[in-house]
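Enquirer: Before I ask anything, let me first share the structure, which is written out below as structure tokens.
This is the structure:
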């Protein structure tokens, strides 16, 4: 392996670890840092929220930057691997271990993602839910189209160097923007800095005319304080998360949900799309065009997913998506098998159709739903830890499947898709038998489904919890 190739993989590992961690801190589902009414306090229009940049403009831009970071970095690798100058620079067209090198590049990125997912248990409750996920999908489209545009740049290495450099912009905005934010009231409360927490809470409330002795603000702050004490009283460690049967069941279900979502082969198709289209006889420009069209389907599918997920149900949506992905993969196997024997261009087009059918089914039923389901099955005190465990299933799946993909396609070709057909079919059966539906259920109802005790389901009461806290302190 050349020094340049080794350096690329090391930098990819560093970039993935840092950027995925930053994006995860802002985009994973969890309790909101700021109260929802703050954007329309006093009946003002949404534009008034930007009068004080430190209160709203920056908090809006940071989830935006985090989603851009993850979406762009996840998408750009596919078009980068297809750029002629990239292939030439690293001799991927002549190396005997080219498939191993391509797999290592993708594997290292996902390994960084796994580290980021497991490290975000303390910071996962800052910003973002469905909108952040939709933003990430949108910006993955940007990554694909930028990769196409730079195909026509003739400067040495510019075809792939400039698009990779662009991905540094969003994390830079993210890092600079954090400097202008007040500290998290929740974090300050965990440090027993109550007055500092209240001042920060007033700043995040959103109305420049809000007084520090405003009764409404004080009431909301007391509720936040009470909820935090409630979470502290009912919180569990990562080890206890697996010791308690009801929480362990949630972890297994959440992990299988995220693992199964990537067991559909979606990221394999995304990251190696140009290579797959090249094997069907398409030239480089056609490969990049098809890849851009394929990724453009995603935000529209996610939008549809968001519209119907509360009407149809989480488990039903996931099962429908998994079943459709299996159908698409079976069609892909059949068409690739025929193309391998005949080389017919019509069959090649049919193979591309099934890949588009696959992403259409996945993005409209599985993508957003998997995050929603894996998040809401956990009670609030352990949601950050539980979701981190669930997300680790996503990255473990992508490490396994992406690392092996280039070598597998070289040796067994279309038969590699049979692995994903088997995995997805198995997850479908397990989901049908064991996964409870959470649609239109409160956290208390979901707790009953998993066998939680009544005490653990009791909501936080500000006066009761604070009285217990004061008694505990006086006794010590």
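Residue numbers (full-length UniProt numbering): 1 to 476. Backbone N, C-alpha and C fix where the C-beta goes; we use that ideal spot for every residue, glycine too. Everything numeric in this text was worked out from a predicted model, so none of it was measured.
#1: Measure from the alpha carbon of residue 87 to the alpha carbon of each residue in 284, 257, 428, then state which is nearest.
#2: With the cut-off set at 7 Å, would you say residue 80 and residue 267 are in Cβ contact?
#3: Please tell me whether residue 396 has its Cβ less than 7 Å away from any Cβ of chain C.
#4: How long is the line joining the alpha carbons of residue 433 and residue 427, rounded to whole angstroms?
#5: Run through DSSP, which three-state label would residue 296 get?
#6: Using the Cα positions of residue 328 and residue 357, report the straight-line distance between them to the nearest angstrom.
#7: Can you tell me the Cα-Cα spacing of residue 435 and residue 316, whole angstroms?
#8: Please classify residue 341: is it buried, with 16 or more other beta-carbons within 10 angstroms of its beta-carbon, or exposed?
#9: Which residue from 245, 216, 232, 269 puts its Cα closest to that of residue 186?
#10: Could you tell me the alpha carbon to alpha carbon distance between residue 345 and residue 387, rounded to whole angstroms?
#11: Do three or more CB pairs link the segment 272 to 279 to the segment 379 to 396 at distances below 8 Å?
#12: In terms of residues, what are the limits of the alpha helix (DSSP H) holding residue 410?
#13: For the alpha helix (DSSP H) that residue 415 lies in, which residues bound it at each end?
#14: In whole angstroms, what separates the C-alpha of residue 48 from that of residue 203?
#15: With distances taken between CB atoms, is the gap from residue 368 to residue 302 smaller than 7 Å?
#16: Identify the continuous alpha helix (DSSP H) that holds residue 452 and give its terminal residues.
#17: Out of 418, 373, 247, which has the shortest C-alpha to C-alpha gap to residue 312?
#18: Secondary structure at residue 438, three-state DSSP: helix, strand or coil?
#19: Touching or not, the segment 234 to 254 and the segment 377 to 385, by the rule of three or more beta carbon pairs under 8 Å?
#20: Is the beta carbon of residue 424 less than 7 Å from the beta carbon of residue 322?
#21: What is the DSSP secondary structure of residue 29, reduced to helix, strand or coil?
#22: Please state whether DSSP places residue 191 in a helix, a strand or coil.
#23: Just to confirm my understanding: we take residue 503, look at its own chain, exclude 5 residues before and 5 after, and list those with CB closer than 8 Å. What are they?
#24: Which residue from 256, 278, 355, 363 puts its Cα closest to that of residue 395?
#25: If distances are taken between C-alpha atoms only, which option among 409, 429, 441, 326 comes closest to residue 100?
#26: Rounded to a whole number of angstroms, what is the C-alpha to C-alpha distance between residue 90 and residue 237?
#27: Would you call the segment 284 to 295 and the segment 412 to 420 in contact, with 3 or more CB pairs under 8 Å?
Expert: According to the structure shown:
#1: As a position in the chain shown, residue 87 is number 87, starting the count at 1. Of the candidates 284, 257, 428, the residue whose Cα lies closest to the Cα of residue 87 is 284.
#2: Along the chain shown, read from residue 1 onward, the residue named residue 80 stands at position 80. Along the chain shown, read from residue 1 onward, the residue named residue 267 stands at position 267. One thing to note: residue 80 has its Cβ no nearer than 7 Å to the Cβ of residue 267.
#3: In the displayed structure, chain C is absent; only one protein chain is listed.
#4: Here residue 433 refers to the residue found at position 433 of the chain shown. Here residue 427 refers to the residue found at position 427 of the chain shown. One C-alpha to the other measures close to 10 Å.
#5: Locating residue 296 in the chain shown gives position 296, counting from the first residue. Under the three-state reduction of DSSP output, residue 296 falls in the helix class.
#6: Here residue 328 is taken as the residue at index 328 of the chain shown, counted from 1. Here residue 357 is taken as the residue at index 357 of the chain shown, counted from 1. A straight-line Cα-Cα distance of about 6 Å links residue 328 and residue 357.
#7: Position 435 of the chain shown, counted from the start, is the residue given in the question as residue 435. Position 316 of the chain shown, counted from the start, is the residue given in the question as residue 316. Between residue 435 and residue 316, the C-alpha separation is close to 10 Å.
#8: Taking the chain shown and counting its residues from 1, one reaches residue 341 at position 341. When all chains shown are included, residue 341 counts as exposed.
#9: Taking the first residue of the chain shown as 1, we reach residue 186 at position 186. Out of 245, 216, 232, 269, 232 has the C-alpha closest to the C-alpha of residue 186.
#10: Taking the first residue of the chain shown as 1, we reach residue 345 at position 345. Taking the first residue of the chain shown as 1, we reach residue 387 at position 387. When rounded, the distance between both Cα atoms is 45 Å.
#11: Touching, no, given that fewer than three Cβ pairs across the two stretches are closer than 8 Å.
#12: For the purposes of this step, residue 410 is taken as the residue at position 410 of the chain shown. Here the alpha helix (DSSP H) through residue 410 covers 383 to 411.
#13: Taking the first residue of the chain shown as position 1, residue 415 is located at position 415. Per DSSP, residue 415 belongs to no alpha helix (DSSP H) and is neither H nor E.
#14: Position 48 of the chain shown holds residue 48. Position 203 of the chain shown holds residue 203. Residue placement at residue 48 cannot be trusted, given a pLDDT of 42 that sits under 50; what the coordinates show is reported in the next sentence. Taken atom to atom, the span from the alpha-carbon of residue 48 to that of residue 203 is near 15 Å.
#15: As a first step, residue 368 is located in the chain shown; it is residue number 368 there, counting from the start. As a first step, residue 302 is located in the chain shown; it is residue number 302 there, counting from the start. The beta carbons of residue 368 and residue 302 sit closer together than 7 Å.
#16: One-based indexing of the chain shown puts residue 452 at position 452. Residue 452 -> no alpha helix (DSSP H), and no H or E assigned at all.
#17: Walking along the chain shown from the start, residue 312 turns up at place 312. Out of 418, 373, 247, 373 has the C-alpha closest to the C-alpha of residue 312.
#18: Locating residue 438 in the chain shown gives position 438, where the first residue counts as 1. Coil.
#19: Contact between the segment 234 to 254 and the segment 377 to 385 is established, with three or more Cβ pairs separated by less than 8 Å.
#20: Position 424 of the chain shown, counting from 1, holds the residue named residue 424. Position 322 of the chain shown, counting from 1, holds the residue named residue 322. For residue 424 and residue 322, yes; Cβs fall inside 7 Å.
#21: The residue you call residue 29 lines up with position 29 of the chain shown. In this prediction, residue 29 has a pLDDT of 38, which is less than 50 and means its spatial position is unreliable; nothing more can be read from the coordinates.
#22: Numbered from its first residue, the chain shown carries residue 191 at position 191. Looking at residue 191 - three-state DSSP - the assignment turns out to be coil, as it is neither helix nor strand.
#23: Shown here, the chain extends from 1 to 476; a query on residue 503 therefore has no answer.
#24: Here residue 395 refers to the residue found at position 395 of the chain shown. Closest in C-alpha terms to residue 395, from the list 256, 278, 355, 363, comes 256.
#25: If you number the chain shown from 1, residue 100 lands on position 100. Of the candidates 409, 429, 441, 326, the one whose C-alpha sits nearest the C-alpha of residue 100 is 409.
#26: Residue numbering aside, residue 90 sits at position 90 when the chain shown is read from its first letter. Residue numbering aside, residue 237 sits at position 237 when the chain shown is read from its first letter. Taking C-alpha positions only, residue 90 is separated from residue 237 by approximately 45 Å.
#27: Taking a cut-off of 8 Å on C-beta distances, the segment 284 to 295 does not touch the segment 412 to 420, as fewer than three cross pairs fall below it.
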